[in-house]
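A short write-up of the structure that comes next.
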């Protein structure tokens, strides 16, 4: 945390005053040289026809300092217990996870496709290709392979991160105690 | 005849009464019941937990910041909207063409929704102020974010306050001012001893309204800053929303909402009572 606090001392003073949409526009229009984002940004860049103009690279992610892409499953399919058509829902999910279903999702969904070949990705925009290449080369890790926070714990942790980042003093000990207190208070 | 009049009156009141009962009374009664449970907001079953939710509310350390933010917003906007509204009303009291045009311009922001107001000012803070004055967005700094929200609220609501004060000023007879002038009263003395006391009913309306709105503020925090940075702009209403929906703790959220409602009623009742005492009949 102290290392993070030291790095955050380079902030500009209003990091929370610039939202993601404005940050992407700044990158597209040359107002910013670099932007740190995720797969959720890809469809936004493609929507404004900037998919050919924006490149992507993963940042160093292992002890050797090599670029490694952190990815996680986009979600999962679930059927509620109260569903009146459980069998039909199961059949539909089987279709979604079939080869045909996956190829449709790869083509039309906003998610980065991970089940494509080197030949198939030539048809995608350069931005999507930049994302897929590290995956095809095996330079990735699942950042949700360890336990992660969900629900209120996730929200509490993210809020705490923002408070820490926006506090100019960033007293590490005080903030760790604060986090412990807030987690203990989770209902 | 009397009974017929009563039935006619009831007939006109009935649709609104039904709507009120369905949209307000019934959800409120149900909400009170849910506040004593551990309902998550979507399950078919839940357990009664007695007063646990209420006890937890008063021991939650994360509730301090939302209360402070709501109180800050309330104090600033009540004072700001009333002072600005009164000043503008005094300046534009004369019924001239130019004054009518300016009054319309001042009132126009009030017809914009709170959400749109938030978006407009968010853009002004982050782009316009930066390109013109090189001032970074005050919504991005935890020390200035609530002030930024107060400014956008006052920009929107000052026109409404002006309208109430204009009505109050127009209701004060000129004979009082003429008599005071003859007695040698200065403009400040006329304002202090005639305008202010006779404007008390308008002040009661404005202060009570803005007090209620301020304590319940939600839209700006939700749409502009989502309570951030951190909890720097999280208001009590947003706290209630977070527990009721994203955190899936509807029982606790309901308990918070009821406590908030009680606090708002108590504060506004006390303030209204105190303000009513100083009203002067013409």
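Protein chains in written order, with the working numbering: chain A, 1 to 187; chain B, 1 to 282.
Just so you know, even glycine gets a beta-carbon here, dropped at the ideal spot from N, CA and C.
Sub-9 Å separation of residue i and residue j beta-carbons
| i | j | result |
| --- | --- | --- |
| residue 268 of chain B | residue 208 of chain B | yes |
| residue 206 of chain B | residue 41 of chain B | no |
| residue 279 of chain B | residue 201 of chain B | yes |
| residue 235 of chain B | residue 154 of chain B | no |
| residue 79 of chain A | residue 48 of chain A | no |
| residue 149 of chain B | residue 233 of chain B | yes |
| residue 269 of chain A | residue 121 of chain A | Because chain A spans 1 through 187 in this model, residue 269 of chain A falls outside it and cannot be assessed. |
Min CB distance residue i to chain A below 9 Å
| i | result |
| --- | --- |
| residue 116 of chain B | no |
| residue 147 of chain B | no |
| residue 136 of chain B | yes |
| residue 165 of chain B | no |
| residue 122 of chain B | yes |
| residue 214 of chain B | no |
| residue 142 of chain B | yes |
| residue 227 of chain B | yes |
| residue 341 of chain B | Because chain B here runs from 1 to 282, residue 341 of chain B falls outside it and cannot be looked at. |
| residue 44 of chain B | yes |
Residue i: contacting residues in chain A (beta-carbon distance under 9 Å)
| i | result |
| --- | --- |
| residue 230 of chain B | 16, 159, 160, 161, 162, 163, 164, 165, 166, 167 |
Contacts that residue i makes with chain B (C-beta to C-beta distance below 9 Å)
| i | result |
| --- | --- |
| residue 152 of chain A | 242, 243, 246, 247, 248, 249 |
Under 8 Å from the C-beta of residue i: neighbouring residues of chain A
| i | result |
| --- | --- |
| residue 35 of chain B | Per Cβ cutoff of 8 Å: no residues; residue 35 of chain B is ~13 Å from chain A at best. |
Rounded Cβ spacing between residue i and residue j (contact assumed at less than 8 Å)
| i | j | result |
| --- | --- | --- |
| residue 36 of chain B | residue 50 of chain B | 6 Å |
| residue 224 of chain B | residue 131 of chain B | Actually they are not in contact, since the Cβ atoms of residue 224 of chain B and residue 131 of chain B sit about 20 Å apart, beyond 8 Å. |
| residue 39 of chain A | residue 111 of chain A | 7 Å |
| residue 244 of chain B | residue 237 of chain B | Between residue 237 of chain B and residue 244 of chain B the Cβ distance is about 11 Å, and since that is not below 8 Å, they are no contact. |
| residue 155 of chain A | residue 246 of chain B | 6 Å |
| residue 241 of chain B | residue 218 of chain B | 7 Å |
Within chain A, partners of residue i - CB distance below 7 Å
| i | result |
| --- | --- |
| residue 126 of chain B | 17, 18, 22 |
| residue 62 of chain B | 182, 185 |
| residue 48 of chain B | Going along chain A, no residue has its Cβ under 7 Å from residue 48 of chain B, so there is no contact; the nearest lies around 16 Å. |
Interface residues of chain B facing residue i [CB-CB closer than 8 Å]
| i | result |
| --- | --- |
| residue 84 of chain A | Residues of chain B passing the Cβ test: none, with the nearest at roughly 14 Å. |
Interface flag, residue i vs chain B, CB-CB below 9 Å
| i | result |
| --- | --- |
| residue 137 of chain A | no |
| residue 155 of chain A | yes |
beta-carbon residue i near the ligand MG non-hydrogen atom, thresh 8 Å
| i | result |
| --- | --- |
| residue 122 of chain B | The model on display carries no ligand, and the ligand MG is accordingly not part of it. |
If you pair each beta-carbon of the region 17-25 of chain A with each one of the region 130-150 of chain B, do three or more pairs fall below 8 Å? The region 17-25 of chain A vs the region 130-150 of chain B: in contact.
Taking 8 Å as the threshold, find out whether the region 80-93 of chain B comes into contact with the region 11-29 of chain B through three or more Cβ pairs. no
Counting beta carbon pairs with one atom in the region 104-112 of chain A and one in the region 173-184 of chain A, are three or more of them shorter than 8 Å? no
Is there contact between the region 174-189 of chain B and the region 146-163 of chain B, where contact requires at least three CB pairs shorter than 8 Å? no
Should the region 102-116 of chain B be regarded as contacting the region 185-192 of chain B, the criterion being three or more beta carbon pairs within less than 8 Å? No: the two stretches stay apart, fewer than three of their Cβ pairs being nearer than 8 Å.
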